[in-house]
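A.B. asks:
Number of protein chains: 2
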Amino acid sequence: MRLASKPVGLPAIVSQDLVTQIARALTDAIISGQIPPGAKVAEAAVARELGVSRAPVREAGRLLESQGLLVSIPGRGFSVRTHAPDEIDDLYDLRICIEKHAAVLAAQRMTPENRLALRRQLDVLHETAAINDPARQVEEDYRFHRLICEISGNRRLLKLFDDLASELRIVIGLIGRLYDDPQRIAQTHEPLLAAIETGDAAQIQGGVEYHLGDAWRGVAQLVRNLPSNQTTEKVS
Amino acid sequence: MRLASKPVGLPAIVSQDLVTQIARALTDAIISGQIPPGAKVAEAAVARELGVSRAPVREAGRLLESQGLLVSIPGRGFSVRTHAPDEIDDLYDLRICIEKHAAVLAAQRMTPENRLALRRQLDVLHETAAINDPARQVEEDYRFHRLICEISGNRRLLKLFDDLASELRIVIGLIGRLYDDPQRIAQTHEPLLAAIETGDAAQIQGGVEYHLGDAWRGVAQLVRNLPSNQTTEKVS
DNA sequence: CAATCGAAAAGTGTCGACAGTCGACAATTT
DNA sequence: AAATTGTCGACTGTCGACACTTTTCGATTG
């Protein structure tokens, strides 16, 4: 019996391979701060805990290493990446650079649907600013910026943004509280969106610079002050 | 008898782990075109040929996947990445974006040593333009641009540049011949260097845009015309 | 002759095992 | 007491094996 001779648009059943699942589990544990920066991630321990063998754990480790979440020292395994303050500066500097570009491109290619989607995402961000849920707010903030990169139409740029974002989440997750007043964070997105709507390149770049520079200073200050880290505790 | 109580300057012994070596071997084979885009890279075959087991080959594969040299389809292994023409556009677009930024930063942080190094690298490029060695010229060209990113002082940016460059090398290596007249390629670097020396941001950005836009158009045209690929031959 | 089916070959995903290496702590020497 | 050496446990790097899936290719059928 033939059920379907032509594709019908069903969501393909992807047997999430182990590596992906393990990577996700580790990622969650890292950005939630459950495994703190500098902590060793022993293959055997992870494998035991997840009930799998070490091989896929190793591969997941390599994956996360390429994303900047882990570092591996040959012969000594993986540990959660620590970010020196000036590495965070590098990260934000680069992020501003590509988001400027993304925003200008996005403004050029903007469709009415895109415009609506951006507006709605920003509204969501305002809503989450009301309730007190730092993790959620970071998430919605991230989505707004990601949307801009999506609209830019440059997929490689989008991938880069995702990489940078996942790296930044280590440090942002580390800072339990937000780096600024929730309401204010949501507010500073408004001029950015407004700038994009004008379509003027200089104005857009200024908007991105202003908005992200703000976030940069907030994060940088917290990171420099608080947890002079170098933690090396072991975590299962 | 005490041989050495104080360090004596012995070169540290770095046991090149297998994964790194395998990755390098595969990378060479790919950017040299020995394994063409789209070709399947079977773990077992590679392992046999190199005389190692499959485990390190898999890890090397994951590494190269993260660098954009390979793609993996779950259950079907790795194959050399093919670049659709618009992916190359994305790549160059992003490259221009970050090199603009890098050049402006580099101009700000430039020391006399840096200035000299840049000048000398450009001279080398001129020299290689004389002899006919496309691979070498691509290499020296790459080094010049990399040097700018190095001088920028943003390490994350440098890493990104390396990633983009290794991706681009697949397509550049694919085009056996150069995308332009060797002499001309070397020449178009001069105004770029001159612009950087002025230190004026707008002028520098214009210089990068002009220079890389040129390369972009050359590569894009060749890629679109010649080898409408989709090769799927098998390679040991 | 083309298309279909099915068995064999090849390849991938995962596992458990072993050898070599690293780090820590105890024993020993200066 | 300080420094060096020896020993032990834990962990990483690598390997071969097995089960399952995909691909290949020849035989069969319409």
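Chains as they are written, first to last, in the working numbering: chain Y, 75 to 310; chain V, 75 to 310. Cβ coordinates follow ideal geometry from the N, Cα and C atoms, glycine included.
Can you tell me which of the three DSSP states Y:Met-75 falls into?
C.D. replies: Translated into positions along the first sequence, residue 75 of chain Y becomes position 1. Confidence in Y:Met-75 is poor, its pLDDT being 37 and thus under 50, which makes the residue's placement unreliable; the coordinate value appears in the next sentence. In this structure, Y:Met-75 counts as coil in the three-state DSSP scheme.
A.B. asks: Would you call the stretch 257-275 of chain V and the stretch 159-166 of chain V in contact, with 3 or more CB pairs under 8 angstroms?
C.D. replies: No contact exists between the stretch 257-275 of chain V and the stretch 159-166 of chain V.
A.B. asks: Is Y:Tyr-284 buried or exposed, if buried means 16 or more other CB atoms sit within 10 Å of its CB?
C.D. replies: Position 210 of the first sequence holds residue 284 of chain Y. Counting Cβ neighbours within 10 Å, Y:Tyr-284 comes out exposed, since fewer than 16 surround it.
A.B. asks: Are V:Phe-218 and V:Leu-238 closer than 7 angstroms when you measure CB to CB?
C.D. replies: Taking the first residue of the second sequence as 1, we reach residue 218 of chain V at position 144. Taking the first residue of the second sequence as 1, we reach residue 238 of chain V at position 164. No.
A.B. asks: Buried or exposed, going by whether 16 or more other CB atoms sit within 10 Å of the CB of V:Ile-147?
C.D. replies: The residue labelled residue 147 of chain V in the question sits at position 73 within the second sequence. Exposed, by the Cβ-count rule.
A.B. asks: List the DSSP bridge partners of V:Ile-147.
C.D. replies: Start at 1 with the first residue of the second sequence, and residue 147 of chain V comes out as number 73. Note: V:Ile-147 sits in a beta bridge opposite V:Gly-151.
A.B. asks: If the cut-off is 8 angstroms on Cβ atoms, which residues from the stretch 147-164 of chain Y count as contacting chain V, listed in chain order?
C.D. replies: Flagged, chain order: Pro-148, Gly-149, Glu-161 and Asp-164.
A.B. asks: Does at least one heavy atom of the ligand GDP sit under 6 angstroms from the Cβ of Y:Ala-119?
C.D. replies: Only the bare structure without any ligand can be found here, which leaves the ligand GDP out of the picture.
A.B. asks: If V:Leu-192 and V:Leu-221 are in contact, beta carbons under 8 angstroms, what's the gap, nearest whole angstrom?
C.D. replies: The residue you call residue 192 of chain V lines up with position 118 of the second sequence. The residue you call residue 221 of chain V lines up with position 147 of the second sequence. Contact flag correct, Cβ pair sits at about 6 angstroms.
A.B. asks: Would you kindly work out how many angstroms separate the C-alpha atoms of Y:Pro-111 and V:Ala-97, rounded to a whole number?
C.D. replies: Here residue 111 of chain Y refers to the residue found at position 37 when the first sequence is read from its first residue. Here residue 97 of chain V refers to the residue found at position 23 when the second sequence is read from its first residue. Their backbone Cα atoms lie some 28 angstroms apart in a straight line.
A.B. asks: Note down, one range per segment and in chain order, each alpha helix (DSSP H) of at least 4 residues found wholly within the stretch 185-229 of chain Y.
C.D. replies: As far as the stretch 185-229 of chain Y is concerned, its whole alpha helix (DSSP H) runs of at least 4 residues are 186-204 and 208-226.
A.B. asks: Leaving aside the five residues before and after V:Arg-210 along the sequence, list all residues of the same chain whose C-beta is less than 8 angstroms from its C-beta, in chain order.
C.D. replies: Translated into positions along the second sequence, residue 210 of chain V becomes position 136. Within the same chain, V:Arg-210 has close Cβ partners Thr-202.
A.B. asks: Unbroken alpha helix (DSSP H) runs of length 4 or more, entirely within the stretch 225-276 of chain Y: which are they?
C.D. replies: With a minimum length of 4 residues, the continuous alpha helix (DSSP H) runs that stay inside the stretch 225-276 of chain Y are 229-248 and 256-272.
A.B. asks: Given this structure, state the Cα-to-Cα distance separating V:Glu-213 from V:Gln-195, to the nearest angstrom.
C.D. replies: One-based indexing of the second sequence puts residue 213 of chain V at position 139. One-based indexing of the second sequence puts residue 195 of chain V at position 121. Between V:Glu-213 and V:Gln-195, the C-alpha separation is close to 11 angstroms.
A.B. asks: Using DSSP's beta-bridge definition, name the partner residues of Y:Lys-174.
C.D. replies: For the purposes of this step, residue 174 of chain Y is identified with residue 100 of the first sequence, where counting begins at 1. DSSP output for Y:Lys-174 lists no bridge partner at all.
A.B. asks: When you compare the CB of Y:Asn-206 with every CB in chain V, is at least one pair closer than 7 angstroms?
C.D. replies: As a working mapping, residue 206 of chain Y is identified with position 132 in the first sequence. With 7 angstroms as the cut-off, Y:Asn-206 does not count as an interface residue toward chain V.
A.B. asks: Looking at chain V, is there any beta carbon in it that lies within less than 7 angstroms of the beta carbon of Y:Glu-133?
C.D. replies: Along the first sequence, read from residue 1 onward, the residue named residue 133 of chain Y stands at position 59. Taking Cβ atoms only, chain V reaches closer than 7 angstroms to Y:Glu-133, which makes this a yes.
A.B. asks: Could you list which residues in chain Y have their beta carbon closer than 7 angstroms to that of V:His-175, in chain order?
C.D. replies: As a position in the second sequence, residue 175 of chain V is number 101, starting the count at 1. Cys-171, listed in chain order.
A.B. asks: Helix, strand or coil for V:Val-126? Go by DSSP, reduced to three states.
C.D. replies: Reading the second sequence from its first residue, position 52 is the one you call residue 126 of chain V. Reduced to three states, the DSSP call for V:Val-126 is coil.
A.B. asks: Tell me whether the beta-carbon of Y:Glu-133 lies closer than 7 angstroms to the beta-carbon of Y:Val-282.
C.D. replies: Counted from its first residue, the first sequence places residue 133 of chain Y at position 59. Counted from its first residue, the first sequence places residue 282 of chain Y at position 208. The answer is no: Cβ separation not under 7 angstroms.
A.B. asks: Going by DSSP, what residues sit across from V:Val-93 in a beta bridge?
C.D. replies: If you number the second sequence from 1, residue 93 of chain V lands on position 19. Looking at the DSSP assignment, V:Val-93 forms no beta bridge with any residue, so it has no partner.
A.B. asks: Taking C-beta pairs closer than 7 angstroms, name the residues in chain Y that V:Asp-167 reaches, listed in chain order.
C.D. replies: For the purposes of this step, residue 167 of chain V is taken as the residue at position 93 of the second sequence. Neighbours of V:Asp-167 on chain Y, chain order: Asn-228.
A.B. asks: Could you tell me whether any Cβ in chain V is nearer than 7 angstroms to the Cβ of Y:Arg-220?
C.D. replies: As a working mapping, residue 220 of chain Y is identified with position 146 in the first sequence. Cβ-Cβ to chain V under 7 angstroms: no for Y:Arg-220.
A.B. asks: What does the alpha-carbon distance come out to for the pair Y:Asp-254 and Y:Glu-187?
C.D. replies: Translated into positions along the first sequence, residue 254 of chain Y becomes position 180. Translated into positions along the first sequence, residue 187 of chain Y becomes position 113. Rounded to whole angstroms, Y:Asp-254 to Y:Glu-187 spans 31 angstroms at the Cα level.
A.B. asks: At a Cβ cut of 7 angstroms, what residues of the stretch 108-141 of chain V count as close to chain Y, listed as they run along the chain?
C.D. replies: So the list reads Ala-129, Arg-132, Glu-133, Arg-136, Leu-137 and Ser-140, given in the order they occur along the chain.
A.B. asks: Is it buried or exposed for Y:Thr-101, if we count other Cβ within 10 angstroms and need 16 for buried?
C.D. replies: If you number the first sequence from 1, residue 101 of chain Y lands on position 27. When all chains shown are included, Y:Thr-101 counts as buried.
A.B. asks: Between Y:Asp-91, Y:Pro-256 and Y:Leu-190, which has its C-alpha nearest V:Arg-150's C-alpha?
C.D. replies: For the purposes of this step, residue 150 of chain V is taken as residue 76 along the second sequence, with counting starting at 1. When each option's Cα is compared against that of V:Arg-150, the closest is Y:Asp-91.
A.B. asks: Let me know the secondary structure DSSP gives V:Ser-106 once reduced to three states.
C.D. replies: Within the second sequence, residue 106 of chain V is the residue found at index 32, counting from 1. It is coil, neither helix nor strand.
A.B. asks: Determine, using beta carbons only, whether Y:Asp-91 comes closer than 7 angstroms to chain V.
C.D. replies: Position 17 of the first sequence, counting from 1, holds the residue named residue 91 of chain Y. Yes, because at least one Cβ of chain V sits closer than 7 angstroms to the Cβ of Y:Asp-91.
A.B. asks: Kindly list the residues whose CB is nearer than 6 angstroms to the CB of V:Phe-152, restricted to its own chain and excluding five residues on each side of it in sequence; keep chain order.
C.D. replies: The count along the second sequence starts at 1 and reaches residue 152 of chain V at position 78. Only Val-115, Gly-135, Leu-144 and Ser-146 meet the Cβ criterion.
A.B. asks: Residues in the same chain with beta-carbon distance under 6 angstroms from Y:Ile-249, minus the five sequence neighbours each way, listed in chain order, please.
C.D. replies: Counting from one through the first sequence, the residue named residue 249 of chain Y turns up at place 175. If we look at Y:Ile-249 and ignore the five residues flanking it on each side, its Cβ neighbours are Leu-296.
A.B. asks: Expressed to the nearest angstrom, what Euclidean distance is found between the alpha-carbon atoms of V:Pro-85 and Y:Asp-215?
C.D. replies: As a position in the second sequence, residue 85 of chain V is number 11, starting the count at 1. As a position in the first sequence, residue 215 of chain Y is number 141, starting the count at 1. Going by the C-alpha atoms only, they are around 49 angstroms apart.
A.B. asks: I want to see whether chain Y comes within less than 7 angstroms of V:Gln-304, judged by CB atoms only; does it?
C.D. replies: Taking the second sequence and counting its residues from 1, one reaches residue 304 of chain V at position 230. Confidence at V:Gln-304 is low in this model, with a pLDDT of 39, below 50, so the placement of that residue should be treated as unreliable; the coordinate-derived value is given next. For V:Gln-304, the answer is no, since every Cβ of chain Y falls outside 7 angstroms of its Cβ.
A.B. asks: Going straight from the alpha carbon of V:Arg-229 to that of Y:Ile-162, what length do you get?
C.D. replies: The residue given as residue 229 of chain V occupies position 155 in the second sequence. The residue given as residue 162 of chain Y occupies position 88 in the first sequence. C-alpha separation (whole angstroms): 11 angstroms.
A.B. asks: Mind checking whether V:Ile-105 and V:Gly-292 have CB atoms under 7 angstroms apart?
C.D. replies: Looking up residue 105 of chain V in the second sequence gives position 31. Looking up residue 292 of chain V in the second sequence gives position 218. No, the pair does not count as a contact, with Cβ atoms beyond the cut-off.
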